[in-house]
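Numbering (the numbering used here), first residue to last: 95 to 427.
Before any comments, here is the structure.
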């Protein structure tokens, strides 16, 4: 018998260690950078503007967590070189990636632009930092607690099935919950955010997380397996061969970031942030320059911002040195 978060951590590590790429139409899922190059470009421009607000430190770390095939960062670097050559010259690119196969894909996409790869954030060198993370938090392991009577039980995994064990290590929220209610908690995500917030508050910089989940903490179970572009699969059925993912509790992460001394802005719907950052304008420019691909370019951009696409389910949360607030796209109208 194994606690759910430990089972999930092992399964996710095995999944991303496989030689086959999980990204794109031929893989298990498609992320925003694979849908539209404008996504990475506007995030690169966002980083350049924040760098200006930071006082143009040179050097500055540009970090991506979970860089996939390097698609987002390739687009971001190209945009940075176009709109802010001084920023492109000042940045030192660091990638947080544990998969050897994905590191090789990133090496092919980014070449000598990469200063170093790291297994975790703790290995990054000190200094002011800008961090981007798209669909990174959802793959971090979660724990699940189930309301039973006056207390909570925690889910474990045994022989491909959930097993509940009574626990005193129950979630603090909510105080009251109906029988059978499930509360998901990610100690891993909260630990990363606390460490990052402490660093940003003392060394300067900002971080932008884009992922999916509700804006407010809520009850319910969201853990699922994804394979072959299909979600909602049994997360216990084929560990290591399918992607495991769960909704991000943005409100909980914002709260622990503020407690650690950083400013937390958002979460905002992804569609709103991308529109404020000019994604649709950039997509229109790309469509005009590539008329044969115009339909695909515009439909891809619309998928990222539309409420019925990814625009509402996906959220953006920014953390930063309190002196930098508000960040681009997060200003109060």
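Backbone N, C-alpha and C define an ideal beta-carbon position, used for all residues, glycine too.
The model shown is predicted, which means the values in this text are computed figures rather than measured ones.
Beta strand (DSSP E) segment containing residue 119, residue limits = Neither: residue 119 is in no beta strand (DSSP E) and is coded neither H nor E.
inquiry  = For the pair the segment 118–136 and the segment 340–353, tell me if three or more CB-CB distances fall below 8 angstroms.
reply    = no
inquiry  = Among the candidates 322, 106, 354, 420, whose CA atom is the shortest distance from the CA of residue 430?
reply    = Since the first residue shown for the chain is 95 and the last is 427, residue 430 is missing from the structure and cannot be characterised.
request  = Mind checking who residue 115 pairs with in its DSSP beta bridge?
outcome  = Paired residues: none, contrary to the question.
message = For a test of the three-state rule: what should DSSP assign to residue 309, helix, strand or coil?
response = coil
request  = Below 6 angstroms CB to CB, which residues in the same chain sit around residue 234 once its five sequence neighbours on both sides are set aside?
outcome  = 280, 282, 283
request  = Please determine, among 186, 129, 103, 277, the residue with the shortest C-alpha to C-alpha distance to residue 157.
outcome  = 186
query = Between residue 217 and residue 164, which are expected to be in contact by the criterion C-beta below 8 angstroms, what is the C-beta distance as a whole number of angstroms?
reply = Actually they are not in contact, since the Cβ atoms of residue 217 and residue 164 sit about 19 angstroms apart, beyond 8 angstroms.
key: Spatial distance of residue 228 from residue 245 (CA atoms)   = 36 angstroms
inquiry  = Quick check on DSSP: helix, strand or coil for residue 223?
reply    = strand
message = Check this for me: beta carbons of residue 184 and residue 152, under 8 angstroms apart or not?
response = yes
query = By how many angstroms is the C-alpha of residue 141 removed from the C-alpha of residue 128?
reply = 20 angstroms
query = For residue 230, which option in 293, 301, 208 has the closest C-alpha, if you only look at C-alpha atoms?
reply = 301
key: C-alpha gap between residue 361 and residue 396, whole angstroms   = 20 angstroms
inquiry  = If I measure Cβ to Cβ from residue 103 and keep anything under 6 angstroms in the same chain, skipping five residues before and after, which residues do I get?
reply    = 235
inquiry  = Helix, strand or coil, according to DSSP, for residue 326 in the structure here?
reply    = strand
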